[in-house]
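Report on the following structure.
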Amino acid sequence: MPTSPSEPVEAPQSARYDLAVVGAGPAGLAAAVTAADLGLRCVLLDGGRDTGGQYYRHPAPGLGAARPDRLHHGWSVYTGLADRLAAHERAERVRFRGGHQVWALERTADGFAVHVTRGPEAADRTTVPARSVLLATGAYERQLPFPGWTLPGVVTAGGAQAMLKAGLVLPGRRIVVAGSGPLLLAAASSLVTAGAEVPAVVEATDYLGYARRPGVLAAVPAKLVEGAGHGGVLLRHGVRLRPRSAVVEAHGTERVTAVTVARLDAEWRPVPGTERRIDCDAVAVGHGLLPQIDLATELGAATRTAPDGAVGLRVDARLRTTVPGLWSAGETNGVGGADLAIVEGELAAHAVADRVPKPALLRRRTRLRKFAELMAAAHRPGPGWTGWLRPDTDVCRCEEVPVARIREAVDELGAGDPRTVKLLTRAGMGWCQGRMCGPAVACLAGPGEPGPDRRPLACPVPLSQLAAGPSGEG
Amino acid sequence: MLKTQRPPLDVVVVGAGVVGAACAYYAARAGLTVAVVDRGPVAGGTTGAGEGNLLVSDKEPGPELDLALLSTRLWRELAERFGAAMEYEPKGGVVVSATAAGQDALRAFAAGQAAVGVTAEEVPAERLRDLEPHLAPGLAGGFHYPQDAQVQPALAAAHLLREARRMGAELITGETVTAVLRGPDGAVRGVRTDRRRLDAPAVVNAAGTWGGELARLAGAHLPVMPRRGFVLVTEPLPRIVRHKVYAADYVADVASGSAGLQTSAVVEGTPGGPVLIGASRERVGFDRTLSQEALRRLAAQAAALFPVLADVTVMRTYRGFRPYLPDHLPAIGEDPRVPGLHHACGHEGAGIGLAPATGLLISEQLTGKRPELDLAPFRADRFPADTGTDA
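Chains P and E, in that order, give the protein sequences.
Take 1 as the starting number for the first sequence in our numbering and just add one per residue.
Take 1001 as the starting number for the second sequence in our numbering and just add one per residue.
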């Protein structure tokens, strides 16, 4: 038997938290400080070392970044939340626990046991008891494969931003930004500001989706200003926006040296004869974000499909999921950005504390949610994108499963859904557990709407920690 | 909407798991016209959650071991054609014992098995690490079962079905059987799905854990109950586990009828790299809740067998529901109460291994041949009507 390291007890049974917030990005931060304002005893858990999540990712102190605000839209909002958190921590109303990766939620007689791994380095686990749980686990990037996408130098759009925010490094000198969604403009804007050359922003849609509902857009002027801000930066740096186009191939042997860009028709099928080659030494590509909801779906929480095909949690006006005691705020309910996440975090905290929020907050949420739905609809991937795949294009890069094997599973072996494709090809069985290839596999598997992914372990857990068993359990 | 089939069907197989696939394969090979219907996809139920154990080592002499030995032969034949595609590995099993008393019990068990054709070689403690270099020190000894093998269950089902389709079988997925049609004489006439009617003089119940429900549609009592199991999957590793390795108490757990949680780690490597760690057993209906206790015990037992595993990472876990019948024997063959209804379900955790034998026996019965094994022990009417289900 492995000897189990003695486990620190986060809180004795008597000191069970009123609320465990999972994820310390905009939604979780806002929720934790608001809940503490309202008198709840909270613990805020995050796999990262610091608060901020992906959105407010910032350099490690050792890098001596003088002006992290220059990389961030709304940095003062973050510092405001962080200051409030610090005050609550001093008063012992909130505990922030960084490096705490939650891998499962377990329902107990009087709430939840939150199962946490502190990583293979710390090599221990802990179990946090809480009366209720707020899920603020954010989102991850949607990837659609293309020939050459596994070459070094091809990074995700969010990854490029994260590198910049956390390490102040650029993925290359001449970077093509491609895919779909508002993140592209933000990423391109950060990259050129940091000194990179961006020869093109290649966006698969034509942005007409926004124009169809001008009222919704006008109701959130900040979004217009934000968009205009990125647009201005890109204009000043001479960045060319290529709408209705896609990178259909990345070239190179050791690393990427060029891409082929083609026009797309309305269904996202590449239009033959429109290809053009653009030299570059990096590609930042992303197709928007997907809610990270494994912890909730494992408990059977109901989901909904957003207009962009992404599956998020179904919540009511008080941000309750269909699992009693489990709340959700921000991207987990459908991707909508940091402003919406903060509003939902505050609203959820009010609901957990059983307090009535200001009506203005509710109205703001409604406006921002509508905008989020509009944005999602505008960037929904068209079914024709599979037209740029080749039989030998790897779809699952962890397990190296090419398109041809997936098509064989569907056409010859009777797979008609992503789970069966996975069983028959190993696509999605590798390190990322299908987060990278899931959307592509779903498209190749057939016409059905993808259901929520089920991952009983939300992240890998050292076997010795599973063997040690939960701590502090009655 | 009613659709009629152009060539009249000889048999409808309900269930596209590995047992249904084997039934379809052998029936089609025997020249029958077959349709396979499943409410889900291929291998969508217990097959897709199985480890792919093809074991003789855990079975005491009796009807189940007879089936397993027949299957061992059939798997070898199948492997000649589909071996690589199904990831068939004749890797052998190693059963280990922690105590001298346990080793004595294994020896007695193996002697009984040897009498009916199982090859079992005693491995003294000092030679265990020749077979499995990473086994824990201090074990009392073990037995090597070269006939044990492994297959990737979903691939096995899919390739058997592909072959059946090449021979003319039809595969219908995503359709639920809503009724078993019977004539005035009580005999089966086919099934009705939520989309069509399939007329056939025979229906094979290969619905696995849901076989009791299908039997009920035909008016027959068959108390198939779910027995939940979890499997842990590690990160990809170099080949550190060569055989199927398990501790002697696995045999007792398999044979037990207890509803409570039982775990006895079965550890094995896979061609893909990850090590699979089964097998927990508990009767909790179709409750899908992740059991922390099951995970804890599986992990601890695996690390007790292979201390090196304590340092690896578990990437995922999955669960399944084995089709459990109270006496641990499957139901195979025509139901004496419902002419034309052939059962091929209730194999509990041995369904992957026993699938080819089941399929062959069913096809022999369907074509009027004398089945290779006596089907009497597998009769579906062996359970009193008051045997409840806990599903």
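Where is the CB? At the ideal position from N, CA and C, for every residue including glycine.
Paired residues, beta bridge with residue i - DSSP
i: residue 396 of chain P; result: P:401
i: residue 251 of chain P; result: P:258
i: residue 107 of chain P; result: P:112
i: residue 333 of chain P; result: DSSP output for residue 333 of chain P lists no bridge partner at all.
i: residue 1234 of chain E; result: E:1314
i: residue 312 of chain P; result: P:304
i: residue 1244 of chain E; result: E:1093
i: residue 42 of chain P; result: P:19, P:94
i: residue 201 of chain P; result: P:177, P:241
i: residue 1195 of chain E; result: Answer by DSSP bridge pairing: none, since residue 1195 of chain E is not bridged.
Assigned secondary structure, residue i (DSSP; H/G/I helix, E/B strand, else coil)
i: residue 2 of chain P; result: Low per-residue confidence applies at residue 2 of chain P: pLDDT is 38, beneath 50, and the placement is therefore not dependable, though the value from the model is reported in the following sentence. If DSSP states are grouped into helix, strand and coil, residue 2 of chain P belongs with coil.
i: residue 1278 of chain E; result: strand
i: residue 429 of chain P; result: coil
i: residue 96 of chain P; result: strand
i: residue 279 of chain P; result: strand
i: residue 1042 of chain E; result: coil
i: residue 1342 of chain E; result: strand
i: residue 10 of chain P; result: Here residue 10 of chain P scores only 48 on pLDDT, less than 50, and its place in the model should not be relied on; the value that follows carries that caveat. Correct three-state label for residue 10 of chain P: coil.
i: residue 406 of chain P; result: helix
i: residue 1363 of chain E; result: helix
i: residue 388 of chain P; result: helix
i: residue 1221 of chain E; result: coil
i: residue 1109 of chain E; result: helix
i: residue 293 of chain P; result: coil
i: residue 1262 of chain E; result: strand
i: residue 268 of chain P; result: coil
i: residue 326 of chain P; result: strand
i: residue 338 of chain P; result: helix
i: residue 1154 of chain E; result: helix
i: residue 1159 of chain E; result: helix
Close-in-space but distant-in-sequence residues of the same chain around residue i (CB under 7 angstroms, 5 per side omitted)
i: residue 1 of chain P; result: Any answer about residue 1 of chain P is weak, because its pLDDT of 37 lies below 50 and its placement is not dependable; what the coordinates show is given next. Taken in chain order, the list of residues that qualify is empty.
i: residue 1270 of chain E; result: 1276
i: residue 1154 of chain E; result: 1043, 1047, 1048
i: residue 1319 of chain E; result: 1049, 1228, 1229, 1230, 1288
i: residue 1115 of chain E; result: 1061
i: residue 1273 of chain E; result: 1236, 1237
Sequence-distant residues of the same chain with beta carbon closer than 8 angstroms to residue i, five excluded per side
i: residue 1032 of chain E; result: 1010, 1011, 1363, 1366, 1367
i: residue 187 of chain P; result: 157, 158, 160, 161, 177, 284, 286
i: residue 368 of chain P; result: 220, 336, 337, 339, 340, 343
i: residue 422 of chain P; result: 428, 429, 434, 441
Other residues of its chain near residue i: CB distance less than 6 angstroms, five sequence neighbours each side excluded
i: residue 1303 of chain E; result: 1309, 1310
i: residue 38 of chain P; result: 353, 355
i: residue 1376 of chain E; result: none
i: residue 1079 of chain E; result: 1088
i: residue 461 of chain P; result: 103, 117
i: residue 1340 of chain E; result: 1187, 1188, 1201, 1202
i: residue 29 of chain P; result: 51, 81
Exercise for review: Count the C-beta pairs between the region 1007 to 1015 of chain E and the region 1147 to 1158 of chain E that are closer than 8 angstroms, then say yes if the count reaches three, no if not.
Suggested key: no
Practice item. Report the residues of the region 1173 to 1185 of chain E with a CB closer than 9 angstroms to any CB of chain P, ordered along the chain. Key: 1173, 1174
Check your understanding: What are the residues of the region 390 to 418 of chain P that lie near chain E, defined by any Cβ-Cβ distance shorter than 8 angstroms?
Key -> 399, 409, 412, 413, 414, 415, 416, 417
Review point. Does the region 1134 to 1141 of chain E come within contact of the region 1088 to 1107 of chain E, defined as at least 3 CB pairs closer than 8 angstroms?
Key: yes
Check your understanding: Using a Cβ cut-off of 7 angstroms, which residues of the region 1275 to 1294 of chain E contact any Cβ in chain P, in chain order?
Key -> 1290, 1292
**Study point:** Contact residues within the region 1223 to 1234 of chain E, judged by C-beta distance below 9 angstroms to chain P
**Key:** 1230, 1232, 1233, 1234
Check your understanding: Are the region 421 to 429 of chain P and the region 437 to 447 of chain P in contact at 8 angstroms, needing three or more beta carbon pairs?
Key -> yes
Review point. Which residues, taken in chain order from the region 1012 to 1036 of chain E, show a beta carbon closer than 8 angstroms to some beta carbon of chain P?
Key: 1016
Exercise for review: Please name the residues in the region 1295 to 1314 of chain E whose beta-carbon is closer than 9 angstroms to at least one beta-carbon of chain P, in chain order.
Suggested key: 1295, 1296, 1297, 1298, 1299, 1300, 1301, 1302, 1303, 1304, 1307, 1309, 1310, 1311, 1312, 1313, 1314
**Study point:** Contact set between the region 451 to 473 of chain P and chain E, restricted to residues whose Cβ is under 7 angstroms from the partner
**Key:** 455, 456, 457, 460, 461, 462, 463, 464, 466, 467, 469, 470
Practice item. Assess, as a yes-or-no matter, whether the region 1044 to 1059 of chain E is touched by the region 1328 to 1346 of chain E under the definition of 3 or more beta carbon pairs within less than 8 angstroms. Key: no
Review point. Using a beta-carbon distance cut-off of less than 8 angstroms, what residues from the region 1142 to 1161 of chain E approach chain P?
Key: 1154, 1155, 1158, 1159, 1161
Practice item. May I ask you to list, following chain order, the residues of the region 269 to 303 of chain P that have a beta carbon less than 8 angstroms from some beta carbon of chain E? Key: 298, 300
**Study point:** the region 88 to 111 of chain P: positions lying closer than 7 angstroms to chain E by Cβ
**Key:** 104, 106
Check your understanding: Is the region 1277 to 1289 of chain E touching the region 1168 to 1175 of chain E, taking contact as three or more C-beta pairs under 8 angstroms?
Key -> no
Practice item. Could you tell me whether the region 225 to 239 of chain P touches the region 183 to 200 of chain P, where touching means 3 or more Cβ pairs closer than 8 angstroms? Key: yes
Exercise for review: Count the CB pairs spanning the region 96 to 114 of chain P and the region 269 to 281 of chain P that are closer than 8 angstroms, and state whether there are at least three.
Suggested key: no
Check your understanding: Using a beta-carbon distance cut-off of less than 7 angstroms, what residues from the region 434 to 446 of chain P approach chain E?
Key -> none
Practice item. Check whether the region 27 to 44 of chain P touches the region 82 to 90 of chain P, counting contact only when three or more Cβ pairs, one atom from each stretch, lie closer than 8 angstroms. Key: yes
**Study point:** the region 132 to 145 of chain P in contact with the region 326 to 334 of chain P per 3-pair CB rule at 8 angstroms
**Key:** yes
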